[in-house]
Amino acid sequence: MNIYFSGSISGGREDVHLYAQIIALLKTHGSVLTEHIGETSLSAMGEENVTSEFIYNRDFQWLKQADVVVAEVTTPSLGVGYEIGLAEQWGKPIFCLFRPASGRRLSAMIESCPGLKLENYTTLADVEQILKSWFQ
């Protein structure tokens, strides 16, 4: 199973360590096409030595190849929202994770979207159980 993991880059990288842990959990369920999202070397300025066009084309193709999209949506991100919108348009299963304890308000476009499954969580152990239920 090809999994497209989506998490904030330009919107903020404060959850990068959490992304890496989620990616490790996702790898027990399939191949994660976007492992780089969890790399600490990736800053809010994005990837070095590649153009925006390259990133768009690569990520677009990965999203097309994905069997499922898993997005951590706690940190608002235009790119994550765009990816979720494309995945919904293409009829892909979309699973979103949100931490209410962050103090952020989730976008109504994500919170109320009938084309995705949204789960709130507090701990990584919660995420592990959520992923198990999603991938059964």
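When we follow our numbering, the leftmost residue of the sequence shown carries the number 68, and every step to the right adds one. Backbone N, C-alpha and C define an ideal beta-carbon position, used for all residues, glycine too. All figures in this text were calculated on a predicted structure; none of them were measured in a lab.
Do residue 71 and residue 157 have their C-beta atoms within less than 7 Å of each other? no
Is the beta carbon of residue 183 sitting closer than 7 Å to the one on residue 197? no
One question on the structure: do residue 110 and residue 141 come within less than 7 Å of each other, judged by their Cβ atoms? no
Reduced DSSP category for residue 173 - H, G, I as helix; E, B as strand; rest coil: coil
If you compare alpha carbons, which of 117, 100, 88 is closest to residue 134? 100
Check residue 165 in the structure and name its three-state DSSP category. Correct three-state label for residue 165: strand.
When the Cα atoms are used, what is the spatial distance from residue 69 to residue 95? 12 Å
State the CB to CB distance for the pair residue 137 and residue 154, rounded to an integer number of angstroms; the pair is presumed to be in contact (CB under 8 Å). Not quite, the Cβ-Cβ distance comes to about 10 Å (not below 8 Å), so this is no contact.
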